[in-house]
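Participant: In terms of our numbering, the sequence shown is numbered consecutively and its last residue is 324.
No residue lacks a Cβ here, since even glycine has one placed at the ideal position from N, Cα and C.
Just so we're clear, the structure is a prediction, and the values are computed from it rather than from any experiment.
If you scroll down you'll find the structure; I have some questions about it.
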Amino acid sequence: MTEIPTETLVTVFGGSGFLGRHVVRALARAGYRIRPAVRRPDLAVHLQPLGRVGQIHAVQANLRYPASVQAAVRDADVVINLVGVLFERGKQGFEAVQAEGAHTVAQAAAAVGARLIHVSAIGADPDSPALYARSKAAGEAEVLGTVPDATIFRPSIIFGPEDDFFNRFAALARISPFLPLIGGGGTKFQPVFVGDVAQAIARTTGGQAKGGTIYELGGPEVKTFKELMEYVLAVTERKRLLLPLPFGLARLQAYLLQLLPTPLLTPDQVELLRTDNVVSAAAIAEGRTIDALGIAPSALEAIVPSYLWRFRKAGQFRGRVA
Ligand SMILES: NC(=O)c1ccc[n+]([C@@H]2O[C@H](COP(=O)([O-])OP(=O)(O)OC[C@H]3O[C@@H](n4cnc5c(N)ncnc54)[C@H](OP(=O)(O)O)[C@@H]3O)[C@@H](O)[C@H]2O)c1
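Here it is, written out as structure tokens:
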């Protein structure tokens, strides 16, 4: 893509995360000035090579500290909030980060007259049994209540080289004789490629999406949890037992697993798995999908084998090294 240098300044909260680095790369390619706003700028040096000299300048910000958020959006034309947490730790609670934090960003964006792009998640629902999903819904309400023409994206699970989902289960298959099918494995997902989500956000930064709208982002395939586990095993060429684990039992296990420094599973995540994670019929009917932004989403098969091959047994790799 030809780079079009622009004076537009984009503040990206959560720019150092999995989706963040792909968003920063897509914005850099489009020529924007980018200000990743991160808790530890010293840990965001990997973003620097994604742009030309001086194009990317990280600053310190924590959504739980409004003054740092206000400083990070100074002079920004567009503000993107990618911040989210998968589990709670100390002051990093779902409400504090995903609801109150979203409000803090929206208020700061409104104060400087910047456009706002906010990333939520499919399943965001004030009535969800999962606190994660309720706090995402509260965050959306805070965003649209403060900046009515904000654009919100709700992705299904996001896949890509550094993802949490496929890498986690491929790593588990390496050491465990079985993979758990939580709730029987019937929950449906519509995995979407991180590069496509980043592209959707970059296009919205350029004004190509509707304001005051919630887009739901899914890939071309809907698969059950069981089918995704079968896919992980096929790609990594491993034979493992797929063990159905009723929700109640999974919840009990999750009470223990959540105590790990990086929890393998939490009771709240088990609750999330009770609901399908796919683009809704309403979003399709109303054109609030990734296709509406002119993006043909990538299939799992085109991307996942390129990074899961390393989980095969030593010496088994027979593919191409890109
Ligand atoms: N990955 C998925 O499958 C998926 C699916 C649906 C929706 N989403 C949503 O997409 C967004 C990005 O997800 P991701 O997968 O890229 O997550 P990630 O890799 O965990 O990135 C989250 C980012 O948020 C930052 N952050 C956390 N707490 C913060 C705070 N108090 N103040 C400032 N920054 C803070 C993290 O920075 P630190 O390094 O400082 O912690 C990190 O840069 C999230 O909103 C997530 O809920 C993701």
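Smallest Cα separation from Arg117: which of Thr206, Ser137 and Val61?
Facilitator: Taking the first residue of the sequence shown as 1, we reach residue 117 at position 115. Ranking Thr206, Ser137 and Val61 by Cα distance to Arg117 puts Thr206 first.
Participant: Assess contact between the stretch 88-106 and the stretch 135-149, defined as three or more Cβ pairs (one per stretch) separated by less than 8 Å. Is contact present?
Facilitator: yes
Participant: Flag this pair as yes or no: are the beta carbons of Ala73 and Ala63 separated by less than 9 Å?
Facilitator: As a position in the sequence shown, residue 73 is number 71, starting the count at 1. As a position in the sequence shown, residue 63 is number 61, starting the count at 1. Cβ atoms of Ala73 and Ala63: closer than 9 Å.
Participant: I need the DSSP call for Arg156, collapsed to helix, strand or coil.
Facilitator: Along the sequence shown, read from residue 1 onward, the residue named residue 156 stands at position 154. It is a strand residue.
Participant: Enumerate in chain order the residues of its own chain whose CB-to-CB distance from Gly22 is below 6 Å, with the five nearest sequence positions on each side excluded.
Facilitator: Working through the sequence shown from its first residue, we reach residue 22 at position 20. Taken in chain order, the residues that qualify are Gly16 and Leu84.
Participant: How is Tyr217 classed by DSSP in three states: helix, strand or coil?
Facilitator: Here residue 217 refers to the residue found at position 215 when the sequence shown is read from its first residue. Tyr217: strand per DSSP, three-state reduction.
Participant: To the nearest angstrom, how far is it from the Cα of Ala301 to the Cα of Leu247?
Facilitator: Working through the sequence shown from its first residue, we reach residue 301 at position 299. Working through the sequence shown from its first residue, we reach residue 247 at position 245. In this structure, the alpha-carbon of Ala301 lies about 28 Å from that of Leu247.
Participant: Quick check: does the Cβ of Pro157 come within less than 8 Å of any heavy atom belonging to ligand 1?
Facilitator: The residue given as residue 157 occupies position 155 in the sequence shown. Yes, the Cβ of Pro157 comes within 8 Å of a heavy atom of ligand 1.
Participant: Quick one: Cα of Glu164 to Cα of Gly214, how far?
Facilitator: Here residue 164 refers to the residue found at position 162 of the sequence shown. Here residue 214 refers to the residue found at position 212 of the sequence shown. Approximately 31 Å between the Cα atoms of the pair.
Participant: Between the stretch 259-276 and the stretch 102-115, do at least 3 Cβ pairs fall closer than 8 Å?
Facilitator: no
Participant: What's the gap between the Cα of Thr148 and the Cα of Gly86?
Facilitator: By 1-based counting over the sequence shown, the position of residue 148 is 146. By 1-based counting over the sequence shown, the position of residue 86 is 84. If you draw a straight line from the Cα of Thr148 to the Cα of Gly86, it comes to about 19 Å.
Participant: Using the beta-carbon count (16 or more within 10 Å), is Ser130 buried or exposed?
Facilitator: Reading the sequence shown from its first residue, position 128 is the one you call residue 130. With 16 or more Cβ atoms within 10 Å of its Cβ, Ser130 is classed as buried.
Participant: Please report the Cβ distance between Asp79 and Thr10, rounded to the nearest whole angstrom; I am assuming they are in contact, meaning their Cβ atoms lie under 8 Å.
Facilitator: For the purposes of this step, residue 79 is taken as residue 77 along the sequence shown, with counting starting at 1. For the purposes of this step, residue 10 is taken as residue 8 along the sequence shown, with counting starting at 1. 5 Å between Cβ atoms; contact.
Participant: Is it the case that the CB of Asn169 approaches a heavy atom of ligand 1 more closely than 8 Å?
Facilitator: Within the sequence shown, numbered from 1, the residue matching residue 169 stands at position 167. No, ligand 1 has no heavy atom inside 8 Å of this Cβ.
Participant: Rounded to whole angstroms, what's the CA-CA distance from Glu144 to Phe180? Just pull it up for me.
Facilitator: Start at 1 with the first residue of the sequence shown, and residue 144 comes out as number 142. Start at 1 with the first residue of the sequence shown, and residue 180 comes out as number 178. Taking the CA atoms as reference points, Glu144 sits about 42 Å from Phe180.
Participant: Nearest CA to the CA of Leu243: which residue from Val237, Met231 and Val196?
Facilitator: Here the question's residue 243 lines up with position 241 in the sequence shown. Ranking the options by Cα distance to Leu243, first place goes to Met231.
Participant: Phe171 and Ile160: beta carbons closer than 9 Å?
Facilitator: Taking the first residue of the sequence shown as position 1, residue 171 is located at position 169. Taking the first residue of the sequence shown as position 1, residue 160 is located at position 158. With a cutoff of 9 Å on beta-carbon distance, Phe171 and Ile160 are scored as not near each other.
Participant: What whole-angstrom Cβ distance do Pro157 and Leu219 have, given they're in contact under 8 Å?
Facilitator: Here residue 157 refers to the residue found at position 155 when the sequence shown is read from its first residue. Here residue 219 refers to the residue found at position 217 when the sequence shown is read from its first residue. Confirmed, Cβ separation roughly 4 Å.
Participant: For Gly221, count neighbouring C-beta atoms within 10 Å of its own C-beta (all shown protein chains included) and say buried if the count is 16 or more, exposed if not.
Facilitator: Here residue 221 is taken as the residue at index 219 of the sequence shown, counted from 1. Gly221 comes out buried.
Participant: Using 10 angstroms around the beta-carbon of Glu303, count the other beta-carbons present and answer buried if the total reaches 16, otherwise exposed.
Facilitator: Translated into the one-based positions of the sequence shown, residue 303 becomes position 301. By the C-beta density criterion, Glu303 is exposed, having fewer than 16 other C-beta atoms within 10 angstroms.
Participant: Hey, could you find the ends of the alpha helix (DSSP H) Pro68 is sitting in?
Facilitator: As a first step, residue 68 must be located in the sequence shown, where it is residue number 66. Residues Pro68 to Ala74.
Participant: Which ranges would you report for the alpha helix (DSSP H) in the stretch 73-114 if only whole runs of at least 4 residues count?
Facilitator: 103-114
Participant: Quick one: using the 10 Å Cβ neighbour count with 16 as the cut-off for buried, is Ser18 buried or exposed?
Facilitator: The residue you call residue 18 lines up with position 16 of the sequence shown. The residue in question, Ser18, is buried, as its Cβ has 16 or more Cβ neighbours within 10 Å.
Participant: Check whether the Cβ of Gly186 sits closer than 8 Å to any heavy atom of ligand 1, and report yes or no.
Facilitator: In the sequence shown, the residue the question calls residue 186 occupies position 184. For ligand 1, not one heavy atom lies less than 8 Å from the Cβ of Gly186.
Participant: Can you grab the Cα-Cα spacing for the pair Thr268 / Gly208, in whole Å?
Facilitator: The count along the sequence shown starts at 1 and reaches residue 268 at position 266. The count along the sequence shown starts at 1 and reaches residue 208 at position 206. Between Thr268 and Gly208, the C-alpha separation is close to 38 Å.
Participant: Tell me whether Gly22 counts as near ligand 1, meaning its Cβ is closer than 8 Å to at least one heavy atom of that ligand.
Facilitator: Taking the first residue of the sequence shown as 1, we reach residue 22 at position 20. Checking every heavy atom of ligand 1 against the Cβ of Gly22, one is found closer than 8 Å.
Participant: Taking the C-alpha atoms as reference points, what is the distance between Ile412 and Val199?
Facilitator: Nothing about residue 412 can be read from this structure; the chain reaches only from 3 to 324.
Participant: Out of curiosity, what's the CA-to-CA distance linking Pro265 and Glu273?
Facilitator: Translated into the one-based positions of the sequence shown, residue 265 becomes position 263. Translated into the one-based positions of the sequence shown, residue 273 becomes position 271. Rounded to whole angstroms, Pro265 to Glu273 spans 15 Å at the Cα level.
Participant: So, at 6 Å on beta carbons, what are the nonlocal neighbours of Ile184 in its own chain, with the 5 sequence-adjacent residues on each side left out?
Facilitator: Position 182 of the sequence shown holds residue 184. Taken in chain order, the residues that qualify are Leu247, Ala252 and Leu275.
Participant: Pick helix, strand or coil for Ile184, following the three-state DSSP scheme.
Facilitator: Mapped onto the sequence shown, residue 184 falls at position 182. Looking at Ile184 - three-state DSSP - the assignment turns out to be strand.
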